[in-house]
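In our numbering, the protein residues as written are 308 to 628. This report refers to the structure that appears directly beneath it.
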């Protein structure tokens, strides 16, 4: 049988390129024998490289069977590279262009969640170019404190701050503006951090929910931001310590988020589980991390599915579609 040529796309121009490099490396190392792995790197200028030699996407696409998209964030996860691949009729893993753009745009995603009846924290949107004079005072007076301030279009908890006092707000807004032209100020809900992956056409289900993961942040951190996430001190429990009702709600919401955004192949959604107020969806990851430390591989392992089997499954879906 002829082996299938898989271009593993990693890197990218955004702040998540380092995580993407690790995801791509893990994918390359775990592809089953029937595939020929092809390492493709995208640099900060969106130039493509095949085995360190610059190549045009068009030329690359003529010599491969399918793309495994291991990029995160800007360009790779926001619909841009998907549009390029659609233009050349290339088969690829992950969501299509429009669904990717919706998933990456946290404001639009939250609006869709709310419209569908999925509980999401109260939020306010601030756009670059708005007059920020006295905006901190307005937020402090009208918004429940503490609050989360985060960029509207980046992942890995980059640029996210927890604000408690008036003096915290302006620095947090300025920090978030470094990463996005849109900022979300969101109600901070105290509770357990959870995440839940889903996989399409898996084990007889159209959208199969994996076990929810409980994320236990280091004691020195008040919330699961970038520093806590990559401190090496957080711990993940899979399956998480949730009641049967909480577990089912998380899984149902992860499936529903995947469905209503029109996502494809797999995704992972993040939640807060409040003991008094229930389960809230925060956001969705259309191309979640696949590093050795990432949460989706841990969920797959808990479900008795190796990363190699998962990669084979997702690539098969891409080839069929």
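A virtual CB, placed ideally from N, CA and C, is assigned to each residue, including glycine.
Query - Uninterrupted alpha helix (DSSP H) stretches inside the stretch 549 to 598 (no shorter than 4 residues) - result: With a minimum length of 4 residues, the continuous alpha helix (DSSP H) runs that stay inside the stretch 549 to 598 are 551 to 567.
Query raised in the report: Buried or exposed: where does residue 550 fall if 16 or more other Cβ atoms within 10 Å of its Cβ makes it buried?
Result: Indexing the chain shown from 1 puts residue 550 at position 243. Exposed, because fewer than 16 other Cβ atoms sit within 10 Å of the Cβ of residue 550.
Query raised in the report: First and last residue of the beta strand (DSSP E) that includes residue 493?
Result: Walking along the chain shown from the start, residue 493 turns up at place 186. First-last of the beta strand (DSSP E) with residue 493: 489 to 494.
Requested in this report: Please report the residue range of the beta strand (DSSP E) in which residue 376 lies.
Outcome: Indexing the chain shown from 1 puts residue 376 at position 69. Where residue 376 is concerned, the enclosing beta strand (DSSP E) stretches over 373 to 376.
Query raised in the report: Taking the continuous alpha helix (DSSP H) assigned at residue 616, which residues delimit it?
Result: Translated into the one-based positions of the chain shown, residue 616 becomes position 309. Counting along the chain, the alpha helix (DSSP H) containing residue 616 begins and ends at 614 to 627.
**Report entry** Close Cβ partners of residue 329 (< 6 angstroms) along its chain, the five nearest in sequence each way excluded
**Finding:** Locating residue 329 in the chain shown gives position 22, counting from the first residue. Contacts found: 598.
Query raised in the report: Below 8 angstroms, can you find three or more Cβ-Cβ pairs linking the stretch 423 to 443 to the stretch 481 to 490?
Result: yes
Report task. Name the residue from 524, 501 and 321 whose alpha carbon lies nearest to the alpha carbon of residue 606. Result -> Position 299 of the chain shown holds residue 606. Just measuring C-alpha positions, the residue of 524, 501 and 321 sitting nearest residue 606 is 501.
Query - Neighbourhood of residue 471 by C-beta, 7 angstroms cutoff - its chain only, sequence neighbours within 5 removed - result: The residue you call residue 471 lines up with position 164 of the chain shown. These residues qualify, in order along the chain: 452 and 453.
Query raised in the report: Do you know how far the Cα of residue 486 is from the Cα of residue 465?
Result: For the purposes of this step, residue 465 is identified with residue 158 of the chain shown, where counting begins at 1. For the purposes of this step, residue 486 is identified with residue 179 of the chain shown, where counting begins at 1. Taking the straight line joining both Cα atoms gives about 8 angstroms.
Report task. Classify residue 322 as buried or exposed, calling it buried when 16 or more other Cβ atoms lie within 10 Å of its own Cβ. Result -> As a working note, residue 322 is residue 15 in the chain shown. Buried, by the Cβ-count rule.
Requested in this report: Compute the Euclidean distance between the alpha carbons of residue 449 and residue 317, then round it to the nearest angstrom.
Outcome: By 1-based counting over the chain shown, the position of residue 449 is 142. By 1-based counting over the chain shown, the position of residue 317 is 10. The alpha-carbon atoms of residue 449 and residue 317 are separated by roughly 42 angstroms.
Query - According to DSSP, residues forming a beta bridge with residue 543 - result: Position 236 of the chain shown, counting from 1, holds the residue named residue 543. Bridge partners of residue 543: 522.
Requested in this report: If I'm right that residue 412 touches residue 459 with Cβ under 8 angstroms, what's the distance once you round it to whole angstroms?
Outcome: Mapped onto the chain shown, residue 412 falls at position 105. Mapped onto the chain shown, residue 459 falls at position 152. With a Cβ gap of about 7 angstroms, residue 412 and residue 459 count as contacting.
Requested in this report: Pick out whichever of 556, 333, 523 and 561 has its Cα sitting closest to the Cα of residue 498.
Outcome: Taking the chain shown and counting its residues from 1, one reaches residue 498 at position 191. Taking only the C-alpha atoms, the option nearest residue 498 is 523.
Query raised in the report: Given that a residue counts as buried once 16 or more other Cβ atoms are within 10 Å of its Cβ, and exposed if not, what is residue 554?
Result: For the purposes of this step, residue 554 is identified with residue 247 of the chain shown, where counting begins at 1. When all chains shown are included, residue 554 counts as buried.
Report task. May I ask you to report which of helix, strand or coil DSSP gives residue 608? Result -> Here the question's residue 608 lines up with position 301 in the chain shown. Here DSSP, grouped into helix, strand and coil, assigns residue 608 to helix.
Report task. Leaving aside the five residues before and after residue 604 along the sequence, list all residues of the same chain whose C-beta is less than 7 angstroms from its C-beta, in chain order. Result -> If you number the chain shown from 1, residue 604 lands on position 297. Excluding positions up to five away in sequence, the list reads 597 and 614.
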